[in-house]
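In what follows, a structure is listed as structure tokens, so that the remarks can point back to it.
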Amino acid sequence: MKELLIILMSAILVNNYVLNKFLGICPFLGVSKKSDQAVGMGLSVIFVMLVATAATWPIYTYLLAPNGLAYLQTIVFILVIAALVQFVEIFLKKFIPALHKSLGVYLPLITTNCAVLGVTINNITDEYTFIESMVSSLGCGLGFLLAMWLFAGVRSRLEESDAPECFKGIPITLVAASIVSVAFMGFGGIIDKLFA
Amino acid sequence: MTDVIITAALVVAGIGLACSLLLVLASHFMGVKVNPVEGEVRDCLPGANCGACGYSGCDAYAKALAENSDIPANLCRPGGEETTKAICEILGVEAEAAEPVTAFVHCGGDCNKQVYKEIYQGLNSCAAAKMLYGGKGACLYGCLGCGDCATVCDNDAICIVDGVAKVDPRKCAGCGLCVAKCPNHLISIVPKKEKAVITCSNHEKGAVVRKECKNGCIGCMKCQKNCPAEAITVVNALASIDYDKCIGCGKCVEDCPVGCLEMLKA
């Protein structure tokens, strides 16, 4: 239990996918203008990461690894995740149209997002068990949500601030993102102390 | 060596096949039927989701058009004539193209003409500026100049020039998002034709207006008396123009003593 908690907390704070590993920067910059959109995107990412891990971990462990095909993981994972997200979209459209309407815009965006692919591959490289992989994906998704939500707040302040002309728009956003990222570096080492 | 290649190819092909089967079955059994006409109509619409047609967005308007052919096909403002034509072709109905329109800001009190009563340094938003004694200008009716209208515009048609919002009719799609946004209700939708427009919204009497802004309408009624088409009426010390009657002769623009009438540059 303690180990799972360590995996969860370190995925959220220390090894944050956006701010520490710099994966998923595209949606991080693209959809973080308003906090409600950022939260919607974050929730979709959590969902897709969980589904993707649940599908790719068994495929790797029971199909690829025993046959010596571990080198195929990237292409197979992309294939499986893309198909799965499409399937989930069809499923939601039919049975939960309200949820499809709120998440639907974001789902195709994250079909082959690098953060989703990164989580599934890192779960394999870290040699997690299935349960650990799921917890790690949940943590990464929550970390993504946290980063998106925090940064949406920062960006709404940026909109009002009087930045120099040449910095307006994306440049000042990138500068702010790096400062938020540096702030997250402060969490390094916190996990050992937290569960000591 | 060949074994390795064949196994790899088979595994990837197998997974691909399984995925495609899953999707085919899913779309077959769980797919939501969309009226093909609706899709075609939706492709014609510009996708601005501005709501000028009276529906919640382009999807909703396309759906309504596909289901009910009595709904006029010319409601899309941003799309204009081309969109109407395309929709009519798909639905097989006739509709006159909507008259092209543009938004217009009825205020010309720029920094050279308006008298300022305060220096505003707060949040850069008209709604916020208005809360502080009705804005920085002496005229309580005028443009606040913080650009709330420019932020909602999807077409970058509005910019602030000398402290007053200006609409570029060539870019404006006439969706009306800015009309709803302006806290002083300065913006209205006018025909995109060379007709006279008034650049003032101040209802105060002439003497008061003169102290507030050099551009203000003083309600002298000269335009009303001289208009050959009787298109101008002065209501509450402010000229208003009936665009159905205006012939665009430009006489009022020449006559106006304060210069608060101008010809729309369509």
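As given, the protein sequences belong to chains V and S, one line each in that order.
The first sequence begins at 6 in this note's numbering and counts up by one.
The second sequence begins at 837 in this note's numbering and counts up by one.
Glycine included, every Cβ here is placed at the ideal spot set by N, Cα and C.
Around L84 of chain V, the beta-carbon contacts reaching into chain S at under 8 Å are V848, I851, G852 and C855. Closest option to I851 of chain S, judged by alpha-carbon separation, among V:L112, V:P102, V:T61 and V:L114: V:T61. Not a single CB atom of chain V sits nearer than 8 Å to the CB of G1042 of chain S. Our two residues, K1002 of chain S and P169 of chain V, have alpha carbons roughly 24 Å apart in a direct line. Between the beta-carbon of L89 of chain V and that of A57 of chain V there is about 7 Å, and that keeps the pair under the 8 Å contact cut. Here Y67 of chain V carries a helix assignment [DSSP, helix/strand/coil].
The Cβ of G875 of chain S sits no closer than 8 Å to any Cβ of chain V. A straight-line Cα-Cα distance of about 7 Å links S1037 of chain S and L1022 of chain S. Within chain S, the residues placing a beta-carbon under 7 Å from that of E165 of chain V are L959 and N960, ordered along the chain.
With a threshold of 16 other beta carbon atoms within 10 Å, H105 of chain V meets it and is buried. Excluding residues up to 5 positions away in sequence, V937, A939, G1010, G1012 and V1015 lie with their Cβ nearer than 7 Å to the Cβ of I1025 of chain S in the same chain. If you ignore the 5 residues before and after F192 of chain V, its C-beta comes within less than 7 Å of the C-beta of L18 and V19, all in its own chain and listed in chain order. Contact between the stretch 1081-1093 of chain S and the stretch 1029-1045 of chain S is present, with at least three C-beta pairs closer than 8 Å. What L858 of chain S touches in chain V, judged by beta-carbon distance under 7 Å, is A88 and F92, going in chain order. For Y977 of chain S, DSSP records no beta bridge to any residue.
With contacts defined as CB atoms closer than 8 Å, M46 of chain V and Y111 of chain V qualify as a contacting pair. Taking 8 Å as the CB threshold, A862 of chain S lines the interface with chain V. Not flagged as an interface residue toward chain V: V997 of chain S, since no C-beta distance is shorter than 8 Å. Residue environment analysis places E164 of chain V among the exposed positions, since fewer than 16 neighbouring C-beta atoms fall within 10 angstroms of its C-beta.
It is roughly 11 Å from the alpha-carbon of C1049 of chain S to the alpha-carbon of A1043 of chain S.
The Cβ of V988 of chain S sits no closer than 8 Å to any Cβ of chain V. Interface with chain V (8 Å Cβ-Cβ cutoff): M837 of chain S is excluded. Judged by DSSP secondary structure, S161 of chain V falls within the alpha helix (DSSP H) whose first and last residues are F135 to E165. Rounded to whole angstroms, the gap between the alpha carbons of I907 of chain S and C1082 of chain S is 30 Å.
Rounded to whole angstroms, F149 of chain V and V93 of chain V show a C-alpha spacing of 20 Å.
Considered as a whole, the stretch 84-120 of chain V harbours 102-108 as its complete alpha helix (DSSP H) runs of no fewer than 4 residues, in chain order.
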